[in-house]
Amino acid sequence: MAGYAKGECLRARHCARLGRIRIDAVSALAVGRIDAAAFAAEEIVLEKDSPPVAIAAPPTHAAGAADPLPSWNDGPAKRRIVGFVEAVTTEGSPSFVPVPERIAAFDNDGTLWCEQPVPVQVYFARDRLKALVSQHPEWRKKEPFASLLEGDPKATLAGDDRTLLDIVMATHAGMTAAEFGRIVEDWIATATHPETGRRFTEMTYAPMLELLAYLRAKGFKNFIVSGGGIEFLRQWAERVYGVPPEQVIGSSIRTRFELRDGTPSLMRLPELNFYNDHADKPVAIHQHVGRWPIAAFGNSVGDREMLECTQGGSGARFGLLLLHDDAAREYAYGPVLGMPTPRIGAFTTALHEQAKRAGWTVVSMKDDWKRVFPHEPSPVIALNILLEPDATMCRRAEADNARLLAVFPKGFALDATHRPHVTLLQCFVRRADLDRIRAAAGEVFADMAVLGLRLQAFRGYYIPSGALGLAGIVARPTPELRRLQQALIDAVAPFMLASGASDAFATTPDDPVIDPLLIDYVSNFVSKSSGEHFDPHVTTGIAPRAYLDGMLAEPFDSFTFSPAGAAAYQLGQFGTAVKKLHEWPLER
2 MAGYAKGECL RARHCARLGR IRIDAVSALA VGRIDAAAFA AEEIVLEKDS PPVAIAAPPT
62 HAAGAADPLP SWNDGPAKRR IVGFVEAVTT EGSPSFVPVP ERIAAFDNDG TLWCEQPVPV
122 QVYFARDRLK ALVSQHPEWR KKEPFASLLE GDPKATLAGD DRTLLDIVMA THAGMTAAEF
182 GRIVEDWIAT ATHPETGRRF TEMTYAPMLE LLAYLRAKGF KNFIVSGGGI EFLRQWAERV
242 YGVPPEQVIG SSIRTRFELR DGTPSLMRLP ELNFYNDHAD KPVAIHQHVG RWPIAAFGNS
302 VGDREMLECT QGGSGARFGL LLLHDDAARE YAYGPVLGMP TPRIGAFTTA LHEQAKRAGW
362 TVVSMKDDWK RVFPHEPSPV IALNILLEPD ATMCRRAEAD NARLLAVFPK GFALDATHRP
422 HVTLLQCFVR RADLDRIRAA AGEVFADMAV LGLRLQAFRG YYIPSGALGL AGIVARPTPE
482 LRRLQQALID AVAPFMLASG ASDAFATTPD DPVIDPLLID YVSNFVSKSS GEHFDPHVTT
542 GIAPRAYLDG MLAEPFDSFT FSPAGAAAYQ LGQFGTAVKK LHEWPLER
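As structure tokens, this is what we get:
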């Protein structure tokens, strides 16, 4: 049942993230610290003081293992990344680095998301000017404000650094830190790129999001080290990149503590505190982190010193520069290789030559990335074929869910986006094969009296994660249900793929990258969660463990239920059945 525990805990972490709560037991569950014996007991328990368990990821995407970087083309750049990560995270390796020392530093603009035609924060400043101009009518005729108000951000960037500083002071100061945070949150939720029409949070680079997740799964602590505003980034970096506020380093303006009507507040002042670029990036890393990174990632001359300091440490070190050379899918700018010179984010010939001498990896967006943005369509689908239970099970599951929500409102509801269900098969398939899969699975359902199956729900369970637990109801697997599952596996097997990427799942702009553990779980579902390992269950919700202990102590009135339907869904973040693809008619 370790596979079951793994998939359910992935779902638990998803549900908790929706409530802005971090659940950290996924690594322990994923490597099987909860086994069949634990599930046989009346309660599933992890030892309170159990040590953390390292999550193993394959160095290459061998058969049966998920590729940690599926949006990267196989080539020298990808091999160097994976080789470095495996070397520093494999115990016994000469290059092994203990977990506390696994620090990675990432630039943001042009490294993690698109910085052209101008950096995103310039558009934020423009919209702030528009919101404030009624209070400052002189801005309409005064530079640098006039050009930006008239919709010409490139003209604004044509000035010197003082130009941008004047705009930032006018638009980012004169309010509390909390007020500024709310303004940023509201803006980033709807602001769109002027050329693609996509939200800026959709203009992140899918390969780099995968890299962040890969490093995180390997015990790295990722830091954003940006020339952009630290408080601008901190409002959304965790939601978009998985990087919490305390791991964001950026430029800042002076802040002063005040009591406003007796309430403690931090006032943002129109004075520069720290400009985090070029040689000041290592200074900021020293001040904020206290350890040198062992890996650094950037895209321009502004990141040179960060990579130099990273390389200067002892032991294994890794430096990477992203080269924007793909005008078809994004932008091409240098001036290296004769490409146009940008106002911000220059990759010079001198930097290119230094990268060669230093052994830094230069990633060509054009040649090394299969895709650039998460929203690009995928030919692959993460498929979930499931049974929808009858009213008896739904009533019990929804009643349990209501109890859990009453004590933990930040949990998830059993509603149209998360219906009670029993998973039979999860796998990756080609989108082009969906019609043939529907037909093949339809023959299986037509040949078996699925509606006549009688399943016994015999106990509750929960999977612990810190102070919380993910709860559900377990049913006994009958021989008929196992035969149904195996028949579906046999029918769909000709269409199954070894693995897939994040774009095979139904995701949202705010959460576009799928956890590598989930990709691995789906890739290995047949071998680890079917046959004798199949344990049918219905997830009911999330709540504090103390409350769940009380629920499990209550007598469980065993009941029988039957399937009421069969459907295929596209899987979403953390194993949820998100998008219905097909529903099969069933016979008794």
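So for the sequence shown, my numbering puts the first residue at 2; every next one is plus one.
The C-beta atom is built at its ideal place from N, Cα and C for all residues, glycine as well.
Taking a contact to mean a Cβ-Cβ separation below 9 angstroms, would you say residue i touches residue j in this structure?
i: L469; j: I520; result: no
i: G430; j: L384; result: The sequence shown places Val at residue 430, not Gly. Yes. Within cutoff.
i: I286; j: V249; result: no
i: A317; j: V100; result: no
i: T424; j: T561; result: no
i: G175; j: P271; result: yes
i: D369; j: G84; result: no
i: P195; j: P71; result: no
i: D401; j: I474; result: yes
i: F506; j: V445; result: no
i: L158; j: A126; result: no
i: L406; j: Y548; result: no
i: P586; j: D391; result: no
i: E186; j: Q236; result: yes
i: D593; j: I345; result: The chain is shown only over 2 to 589; residue 593 falls outside these bounds and no answer can be derived.
i: I333; j: V539; result: In the sequence under discussion, the amino acid at residue 333 is Ala, which differs from the Ile named in the question. No, these two residues do not count as a Cβ contact at 9 angstroms.
i: Y463; j: L322; result: no
i: L133; j: L273; result: no
For the candidate residues the options, whose alpha-carbon lies nearest to that of residue i?
i: E331; options: M366, G339, P341 and R358; result: M366
i: S559; options: G461, F319 and G501; result: G461
i: T256; options: E481, S266 and P586; result: S266
i: I254; options: T172, F97 and A433; result: T172
i: K371; options: K357, E92, P208 and T164; result: P208
i: M449; options: Y124, A567 and F146; result: A567
i: A488; options: L582, V451 and K219; result: V451
i: P120; options: H583, R437, P343 and T508; result: P343
i: Q591; options: V381, L549 and R269; result: Examination of residue 591 is not possible in this model, given that the chain is present from 2 through 589 alone.
i: C428; options: I386, H419, K411 and R437; result: I386
i: T577; options: R437, I490 and H419; result: H419
i: L388; options: H422, P517, F409 and A359; result: H422
i: A569; options: Y463, I464 and L426; result: L426
i: G453; options: T479, T177 and G573; result: T479
i: R261; options: C310, K357 and T177; result: T177
Ignore the nearest five residues each way along the sequence and tell me which others in residue i's own chain have a CB closer than 6 angstroms to its CB.
i: E588; result: none
i: T164; result: P145
i: S379; result: D504 and A505
i: I515; result: S503 and F506
i: G443; result: W585
Please list, in chain order, all residues of the same chain as residue i whose beta carbon is under 8 angstroms from its beta carbon, the five residues on each side excluded.
i: G65; result: With a pLDDT of 43 at G65, under the threshold of 50, the modelled position of that residue is not reliable, and the figure given next carries that caveat. The residues are A499, S524, N525 and S528.
i: P545; result: V408, F409, A468, L469 and G470
i: K1; result: The structure shown does not extend to residue 1, since the chain is modelled only from 2 to 589, so the question has no answer here.
For the putative contact between residue i and residue j, defined by C-beta atoms under 8 angstroms, what is the C-beta separation to the nearest angstrom?
i: L210; j: P513; result: 6 angstroms
i: N277; j: G251; result: 5 angstroms
i: T362; j: A472; result: The pair is not a contact, with the Cβ atoms about 45 angstroms apart (cut-off 8 angstroms).
i: V373; j: D304; result: About 20 angstroms; that fails the 8 angstroms criterion.
i: V219; j: V86; result: One point to set straight first is that residue 219 is Lys, not Val, in the sequence displayed. Contact flag correct, Cβ pair sits at about 6 angstroms.
i: A476; j: A458; result: 5 angstroms
i: T202; j: I189; result: 6 angstroms
If I measure Cβ to Cβ from residue i and keep anything under 7 angstroms in the same chain, skipping five residues before and after, which residues do I get?
i: N223; result: A105, F107, L213, L216, R217, V244 and Q248
i: Q122; result: G229, G230 and F233
i: D434; result: F496
i: L113; result: F107, T205, Y206, M209 and Y242
i: R199; result: T193 and H376
i: A441; result: A492 and V493
i: A359; result: Q312 and G320
i: A280; result: E306
i: E259; result: S266 and M268
i: L582; result: L435, A569, Y570 and Q571
i: M340; result: D326, A333 and Y334
i: R432; result: P380, V381 and I382
Do we get a CB-CB distance below 9 angstroms when we pair residue i with the residues of chain D?
i: Q487; result: The structure shown has no chain D; it contains just one protein chain.
| said: Quick check: the region 291-299 against the region 102-122, are at least 3 beta-carbon pairs closer than 8 angstroms? | reply: Yes, they touch.
| query | So, do the region 138-149 and the region 341-351 have three or more beta carbon pairs nearer to each other than 8 angstroms? | reply | no
| Is there contact between the region 528-537 and the region 477-492, where contact requires at least three CB pairs shorter than 8 angstroms? | yes
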